[in-house]
Structure formats: C-alpha cells, structure tokens
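Working notes for the structure below.
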Amino acid sequence: MNAAEELKNLLPGSVVSTGLQLNKPMAVIKKEELLKAAGKAKEMGFDHLSVITGIDYKDHFEVIYNFFSYNKKQNLALKVNLDHDKPEVESLTGLWNGADWLERETFDLVGIKFIGHPNLVRILLPDGWNGHPLRKDYDMNTEQFVTIGENGDDVVSTDGTNLLRRK
Amino acid sequence: MEKGGIRVDPVTIDTTKIKITKKQPVTALDKLNDTGLISTVLSAREREGMILFSTVDQVFNWARLSSLWPVTSGLACCAIEMMAVAMAHHDIARFGMEIFRASPRQADLMFVAGTVTKRMAPRVKQLYEMMPDPKWVIAVGSCASTGGPYHESYSVLKGVDLIIPVDVYMPGCPPRPEAWIYAVIQLREKIKNQGYGAKWGLNK
Numbered sequence: 109m110n111a112a113e114e115l116k117n118l119l120p121g122s123v124v125s126t127g128l129q130l131n132k133p134m135a136v137i138k139k140e141e142l143l144k145a146a147g148k149a150k151e152m153g154f155d156h157l158s159v160i161t162g163i164d165y166k167d168h169f170e171v172i173y174n175f176f177s178y179n180k181k182q183n184l185a186l187k188v189n190l191d192h193d194k195p196e197v198e199s200l201t202g203l204w205n206g207a208d209w210l211e212r213e214t215f216d217l218v219g220i221k222f223i224g225h226p227n228l229v230r231i232l233l234p235d236g237w238n239g240h241p242l243r244k245d246y247d248m249n250t251e252q253f254v255t256i257g258e259n260g261d262d263v264v265s266t267d268g269t270n271l272l273r274r275k
Numbered sequence: 061m062e063k064g065g066i067r068v069d070p071v072t073i074d075t076t077k078i079k080i081t082k083k084q085p086v087t088a089l090d091k092l093n094d095t096g097l098i099s100t101v102l103s104a105r106e107r108e109g110m111i112l113f114s115t116v117d118q119v120f121n122w123a124r125l126s127s128l129w130p131v132t133s134g135l136a137c138c139a140i141e142m143m144a145v146a147m148a149h150h151d152i153a154r155f156g157m158e159i160f161r162a163s164p165r166q167a168d169l170m171f172v173a174g175t176v177t178k179r180m181a182p183r184v185k186q187l188y189e190m191m192p193d194p195k196w197v198i199a200v201g202s203c204a205s206t207g208g209p210y211h212e213s214y215s216v217l218k219g220v221d222l223i224i225p226v227d228v229y230m231p232g233c234p235p236r237p238e239a240w241i242y243a244v245i246q247l248r249e250k251i252k253n254q255g256y257g258a259k260w261g262l263n264k
C-alpha cells in the first residue's frame with residue numbers, strides 16, 4: 109500500500125481517487141477538504157513541501173502539491189481541481205512555512221488565489237503586470253516593459269518609454 | 061613666342077636675387093606661429109568645423125585598447141564562463157583586462173553576460189549610463205544578442221541592443237572562453253581603428 113492509498117483509507121470522504129504520477133503516489137482531493145488532507149499527510153510524516161504547480165486546462169485549473177518525507181524517503185502528490193472562473197483554494201502556509209513563496213509564485217504566474225495567505229503579492233513579476241503569463245488566455249501580442257520609477261519601484265508600461273533606444 | 065595670336069613674352073626669374081624677408085622667431089608665441097600649427101587648426105575649424113589628429117588618435121586608441129577594464133556584472137550562466145575567462149587557464153589578463161571593476165564608474169567595458177529580463181533591463185541601462193566615456197559593450201551569448209531560446213518569452217528582452225548600443229556580438233550558449241577571447245580581439249581591432257585618422261587611412 110502506497111502513501112496515497114493509505115491517505116484514502118484514513119480519509120475516505122476527502123480523497124476522490126488515487127493513482128501514480130511519474131511512478132510516485134498521487135491522490136486527487138476535494139478542494140474543500142484540502143487543508144484536512146494536507147494536515148493528515150503531515151501527520152503521516154511528509155514534512156517537506158517541495159513544490160506547488162498550477163496548470164491551466166482551459167475548463168478548469170489544477171494545483172499539484174508535491175510532498176516528501178525525509179524519514180520514510182517517500183514522495184506524495186496531492187491534486188485539487190478548481191473552477192476556471194473562480195480559482196481559489198485554501199493556503200497551506202499554516203502547515204508548511206515554505207508554502208509562502210511557492211503559493212506566491214503560483215499566484216503570480218497562474219493566478220490561483222490562496223485564501224488565508226499572509227502576503228499574497230507577485231514574487232517574480234513586478235506589481236502592475238497585466239495578466240498571468242502561464243494561463244492559456246494570456247495576451248502574448250502586447251509586450252510589457254519595466255522601467256524604474258521615481259521612488260525606485262518598478263513601473264510597467266507597454267510602450268517602453270525611457271527604456272528602448274528605438275521604437 | 062606666338063600662342064593663339066597673342067604675343068607672350070618669356071619671363072625668367074633670377075632666384076638668386078630674391079631675399080627672404082621672414083623674421084626669425086624670437087618669442088615662444090612666434091615660434092608657435094612659425095610651426096603653422098595654429099593657423100592650420102584655425103583654418104580647419106573654419107573650413108569644416110573639424111580638427112584631425114591622426115597620431116594622437118593612434119596613441120589614444122592604443123592606450124584605450126591595452127587596458128580595458130570590464131565592470132563586474134553577470135546576469136546568467138554566461139557569467140560562469142566569464143569567471144573561466146578571467147581565471148589562470150584562459151587568462152584575460154594577457155589583454156590588460158584582469159581588473160574587473162566593482163564600480164561602473166571605473167570601468168570602460170561592459171560584458172552583458174546573460175539573459176536580460178524585462179525587470180533587469182532598466183538596471184542594465186542604468187549601469188551603462190553610469191560608466192564614463194569612452195565605453196564599449198559586448199553582448200555575450202545568444203540571449204543578450206537576440207533573446208536566444210527565450211525570444212518568444214513574455215519576460216525576456218529580445219536583445220540588449222534594444223536599450224544600449226552594442227559593439228561586438230558574441231554567439232554561443234554560453235560562449236566558450238576561446239570565443240570570448242576572439243570577441244575581445246575583435247573589440248580591440250575596432251578600438252584600434254577608431255577616429256578619422258584610421259577612417260581615412262592615416263594610421264597605417
């Protein structure tokens with residue numbers, strides 16, 4: 109029995125299905141029950157949240173949490189499916205402090221809102237950037253440029269004034 | 061002597077009877093005037109608004125190309141190759157370039173070593189503007205030259221020449237130290253041929 113099936117035995121109401129992803133145990137979780145399932149995973153010994161991924165499938169979003177247990181040397185992946193119109197899920201910053209920047213990155217590039225995050229602002233792109241670049245409906249035709257404002261902060265513009273040598 | 065129906069007398073000049081009336085220069089100003097340098101410069105300014113120094117240019121160009129001081133700035137993996145170029149095996153000190161200045165105010169060469177992201181672009185431009193003239197730029201690798209593998213990306217500038225003038229483009233991803241040294245030699249050739257004296261073939 110791998111870790112995903114073990115989690116399904118412990119929480120039969122929360123886990124939708126189990127399977128393998130890249131030969132590692134994976135469980136699909138109901139989005140309302142994520143905090144409960146993640147807490148149970150932490151009790152099972154998965155003490156490290158490696159990475160959070162967000163995927164745009166055009167009709168829905170998928171968020172994948174990859175955990176690792178240093179004691180058992182095991183991997184576990186939890187997946188949640190979110191509505192495309194309202195991509196919101198509860199934050200895991202209360203359980204793993206490392207989730208802070210991972211969730212900010214997912215918010216920055218995919219636009220998933222993490223409810224309960226202490227500081228949910230962009231981490232890679234500057235504030236004021238238009239759109240989330242890893243979404244399928246991101247506008248690649250309008251190029252955005254960054255200049256330094258008077259206070260030293262980043263200013264996003266589409267024409268590149270004070271930056272480009274020629275238009 | 062008939063020429064076209066008009067009679068022209070042959071004229072002979074006795075050169076022994078001509079006396080040189082020019083004064084010997086006494087004062088320093090007279091000596092300077094006697095060289096003709098001032099009148100040449102003034103007439104050149106009136107004629108074209110331009111003064112030509114071929115020999116001085118040559119000396120200046122030699123001095124500039126012999127000790128190019130790069131600014132310490134690396135943006136991506138090309139900077140790792142920059143370290144390899146600076147170390148003992150390839151040894152860029154042979155070109156008088158071993159001093160990577162930590163301040164752009166003391167540097168006259170900028171290696172744009174790596175991917176110029178949109179967010180880094182104004183900082184790169186600011187670094188370039190902080191460098192004193194004369195200054196040169198080498199775009200290292202395909203990223204700094206054209207955007208490279210990130211040309212279709214939302215966050216990468218499509219070539220650093222969009223924001224600052226580039227003298228030498230260096231291909232490679234990242235360029236080998238040999239390519240790096242070749243680009244430096246190309247830049248030295250360019251500096252050697254700077255100025256009107258070189259352009260008009262006077263420095264040869």
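Top line first, the protein sequences correspond to chains X and C. Quick note on the numbering used here: the first sequence kicks off at 109 and runs consecutively. Quick note on the numbering used here: the second sequence kicks off at 61 and runs consecutively. We put the beta carbon where it would ideally sit given N, CA and C, even for glycine.
- When DSSP reads this structure, X:Tyr173 sits in a beta bridge with X:Ile160 and X:Leu186.
- When C-beta distances to chain C are compared with 9 angstroms, every residue of the stretch 115–136 of chain X stays at or above that value.
- Annotation: Cβ neighbours of C:Arg179 in chain X (cutoff 7 angstroms, chain order): Pro234, Val254 and Asp262.
- For C:Pro194, the closest C-alpha among the options C:Pro209, C:Phe160, C:Gln254 and C:His149 is that of C:Gln254.
- Under the DSSP assignment, C:Met190 falls in the alpha helix (DSSP H) whose first and last residues are Ala181 to Met190.
- In terms of Cβ geometry, X:Ile223 and X:Val188 do not form a close pair [threshold 7 angstroms].
- Under the Cβ distance rule, X:Leu242 does not count among the residues neighbouring chain C, no pair being separated by less than 7 angstroms.
- Rounded to the nearest whole angstrom, the C-alpha separation of C:Ile223 and X:Gly202 is 44 angstroms.
- Inclusion of X:His192 and X:His156 in the CB contact set at 7 angstroms is not warranted, their separation being larger than that value.
- Identification of chain C residues near X:Arg273 by a Cβ-Cβ cut-off of 8 angstroms yields Asp221, Leu222, Ile223, Ile224 and Pro225, ordered along the chain.
- Contact of C:Tyr214 with chain X is assigned, a C-beta pair being separated by under 7 angstroms.
- Shown here is that no member of the stretch 146–175 of chain X has a Cβ falling below 9 angstroms from a Cβ of chain C.
- When the beta-carbon positions are compared, X:Pro234 and C:Tyr214 stay at least 7 angstroms from each other.
- Under the three-state reduction of DSSP, X:Met134 is assigned to strand.
- Nearest C-alpha to C:Val216 among C:Ile245, C:Pro130 and C:Val176: C:Val176.
- The alpha-carbon separation between C:Tyr242 and X:Ser158 amounts to approximately 43 angstroms.
- For C:Pro182, the closest Cβ of chain X is nearer than 7 angstroms.
- By the C-beta density criterion, C:Glu212 is exposed, having fewer than 16 other C-beta atoms within 10 angstroms.
- Closest by C-alpha distance to X:Thr250, out of X:Trp237, X:Ala135 and X:Lys166, is X:Trp237.
- If you ignore the 5 residues before and after X:Ala207, its C-beta comes within less than 6 angstroms of the C-beta of Leu157, Leu200 and Thr201, all in its own chain and listed in chain order.
- Taking all protein chains shown into account, C:Val228 has 16 or more neighbouring C-beta atoms within 10 Å of its C-beta and is therefore buried.
- Per DSSP, C:Thr206 is one residue of the alpha helix (DSSP H) stretching across Gly201 to Thr206.
- Residue pairing of C:Trp196 in beta bridges, as defined by DSSP: C:Leu169.
- Scanning C:Ile98, C:Trp240, C:Gly207 and C:Gly174 for the CA closest to the CA of C:Ala144 turns up C:Trp240.
- Residue environment for X:Asp216: buried (at least 16 other C-beta atoms within 10 angstroms of its C-beta).
- Cβ-Cβ distances below 6 angstroms link X:Asn110 to Pro133 in the same chain, with the five nearest sequence neighbours on each side left out; the list follows chain order.
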